[in-house]
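Step one of this worksheet: look at the structure below.
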Amino acid sequence: MIRRQIRSEIPASIRPAESSAGAAVPAATRRLLRPSRELWAKINVAFLNHGYESLSMSTLAKACDFSRAALYQYFRSKEEVFRFSTRTVNVVAIEGALAAGERLRQEGRSAIDIFAEITWARYALMRLKGLFSPHRVELNSVALRKCDDILIEVSLLFRDGLAEMLTKLLADGRLKPREGLAAVEIAQALADGARGVDQSLPAPTADELPARHRKMVSAVLYGCLTERAAGRRKATYSASR
Numbered sequence: 047m048i049r050r051q052i053r054s055e056i057p058a059s060i061r062p063a064e065s066s067a068g069a070a071v072p073a074a075t076r077r078l079l080r081p082s083r084e085l086w087a088k089i090n091v092a093f094l095n096h097g098y099e100s101l102s103m104s105t106l107a108k109a110c111d112f113s114r115a116a117l118y119q120y121f122r123s124k125e126e127v128f129r130f131s132t133r134t135v136n137v138v139a140i141e142g143a144l145a146a147g148e149r150l151r152q153e154g155r156s157a158i159d160i161f162a163e164i165t166w167a168r169y170a171l172m173r174l175k176g177l178f179s180p181h182r183v184e185l186n187s188v189a190l191r192k193c194d195d196i197l198i199e200v201s202l203l204f205r206d207g208l209a210e211m212l213t214k215l216l217a218d219g220r221l222k223p224r225e226g227l228a229a230v231e232i233a234q235a236l237a238d239g240a241r242g243v244d245q246s247l248p249a250p251t252a253d254e255l256p257a258r259h260r261k262m263v264s265a266v267l268y269g270c271l272t273e274r275a276a277g278r279r280k281a282t283y284s285a286s287r
């Protein structure tokens, strides 16, 4: 199951405190408290509102309704806070997207419906939130510089979740792969397509995104071109449904 692949939304350097006595241990060795989902939500809003470079730990603590000292019980640095937020926002989006797809599968919806919903939910809600931030370009740049390992981790997590959904649909007899194609290869193509739709330029509007994801999913699953035998006119068709 995909759930077993999600170890934690907390960076490896962050450990849950065993007792309140940890606060008396030097900062270099003491254990840190485990941030809650509610704390992450406040952290995420703070970065969207202030960006990375201009956001101090004092301002961040205030946004979280903490003292600066209290925030240091959870994180050792602003970079650690940002890495935690980057991992969490992606894990939350992936979990929600896969859960939405599973609900559609259980309702008996089509493969296009299922995967279009998953890929849209994976990126669209994150993008819509980011569009309202004047710091979105800076935050994306910082994420690429400071969180490349996390971005790889969550990319593989999403691909494996798509592969699991494909495996379920294959087991249900609702899809049949072409010879020589593994579920993980098809899942990678869907993940690549979803990222492409999210990053396409000019950027699609919020109203256009669902249809763009449906067309991408349809093209990956069923193709959009056919070639006639040599000497005959080539024909094309759209696989969008």
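In my numbering, the protein residues as written are 47 to 287.
We treat Cβ as the ideally placed atom computed from N, Cα and C, and that holds for glycine.
Keep in mind that this is a model prediction, so the values were computed, not measured.
What is the rounded straight-line gap between the Cα of residue i and the Cα of residue j?
i	j	result
ALA217	SER264	20 Å
ASN90	VAL135	8 Å
THR272	LYS222	19 Å
ALA236	GLY269	Sequence check: residue 236 is Leu here, not Ala. Cα-Cα distance, rounded: 12 Å.
GLU231	ALA240	14 Å
LEU247	VAL138	26 Å
ARG205	ALA92	29 Å
TRP166	ILE198	19 Å
Using three-state DSSP, classify residue i as helix, strand or coil.
i	result
THR272	strand
PHE204	helix
HIS96	helix
GLY154	coil
ASP194	helix
LEU215	helix
Taking the alpha carbon of residue i as the point to measure from, which residue in the options has its own alpha carbon closest?
i	options	result
ARG122	ASP195, PRO223, LEU78	LEU78
ILE164	ARG274, ALA252, GLU273, ARG260	ARG260
ASP253	TYR98, SER113, ALA170	ALA170
PRO180	LEU267, LEU94, PRO81	LEU94
LEU227	ALA92, VAL266, ARG80, ARG168	VAL266
LYS88	MET172, LYS222, LEU106, SER102	LEU106
GLY242	ASP194, ARG133, ARG168	ARG168
Self-check item: Stretch-stretch touch, CB-based, cutoff 8 Å, three pairs: the region 208–216 with the region 143–158
Solution: yes
Self-check item: the region 180–200 touching the region 113–129, judged by at least three CB pairs closer than 8 Å
Solution: yes
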